[in-house]
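Colleague: Numbering (my numbering), first residue to last: 64 to 160. From the three backbone atoms N, C-alpha and C, an ideal C-beta is built for every residue, glycine too. Source: prediction; values computed, not measured.
#1: Buried or exposed: residue 83, going by 16 or more other Cβ atoms within 10 Å of its Cβ?
#2: Could you give the distance in angstroms between the alpha-carbon of residue 147 and the alpha-carbon of residue 108?
#3: Do we get a CB-CB distance below 8 Å when we pair residue 150 with the residues of chain E?
#4: Given this structure, state the Cα-to-Cα distance separating residue 154 from residue 117, to the nearest angstrom.
#5: Roughly how many angstroms lie between the CA atoms of residue 104 and residue 125, to the nearest whole one?
#6: Tell me, to the nearest whole angstrom, how far the beta carbon of residue 141 is from that of residue 89; I am working on the premise that it is less than 8 Å.
#7: With DSSP run on the structure shown, which of helix, strand or coil describes residue 134?
#8: Sorted by chain position, which residues of the same chain lie with C-beta nearer than 7 Å to residue 81's C-beta, five sequence neighbours on each side aside?
#9: Per DSSP, what are the beta-bridge partners of residue 144 in this structure?
#10: Rounded to the nearest angstrom, what separates residue 158 and residue 114 at their Cα positions?
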């Protein structure tokens, strides 16, 4: 994860959520979901407690999306979900592949 950069490309521009996802990351997430089990509705970004090294960030398949989750998706098959706790830590982040 890097710091969000200014971009005029609408695919990389920050979303209304304050998190940007590059075109290559969207493409890879859509590809992963296309090959995944039907029970996986999105890719979930998560944050876990870090200790002295700070927070740890990761991704996994999401089997469900709750009403409190933020869901970023489009017509290409891209679907990314973020729970409220992780969302607060990801403000200003750029997700890239």
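Modeller: The relevant details are as follows:
#1: Start at 1 with the first residue of the chain shown, and residue 83 comes out as number 20. With 16 or more other Cβ atoms within 10 Å, it is buried.
#2: Translated into the one-based positions of the chain shown, residue 147 becomes position 84. Translated into the one-based positions of the chain shown, residue 108 becomes position 45. Computed Cα separation, rounded: 11 Å.
#3: Of the protein chains in this structure there is only one, and it is not chain E.
#4: Indexing the chain shown from 1 puts residue 154 at position 91. Indexing the chain shown from 1 puts residue 117 at position 54. Residue 154 and residue 117: Cα-Cα distance of roughly 16 Å.
#5: Here residue 104 is taken as the residue at index 41 of the chain shown, counted from 1. Here residue 125 is taken as the residue at index 62 of the chain shown, counted from 1. Rounded to the nearest whole angstrom, the C-alpha separation of residue 104 and residue 125 is 6 Å.
#6: Here residue 141 refers to the residue found at position 78 of the chain shown. Here residue 89 refers to the residue found at position 26 of the chain shown. Correct: roughly 4 Å between the Cβ atoms.
#7: Here the question's residue 134 lines up with position 71 in the chain shown. Strand.
#8: As a working mapping, residue 81 is identified with position 18 in the chain shown. Contacts found: 154 and 155.
#9: Within the chain shown, the letter at position 81 stands for residue 144. Note: residue 144 sits in a beta bridge opposite 107 and 134.
#10: Numbered from 1 along the chain shown, position 95 holds the residue referred to as residue 158. Numbered from 1 along the chain shown, position 51 holds the residue referred to as residue 114. Rounded to the nearest angstrom, the two C-alpha atoms are 23 Å apart.
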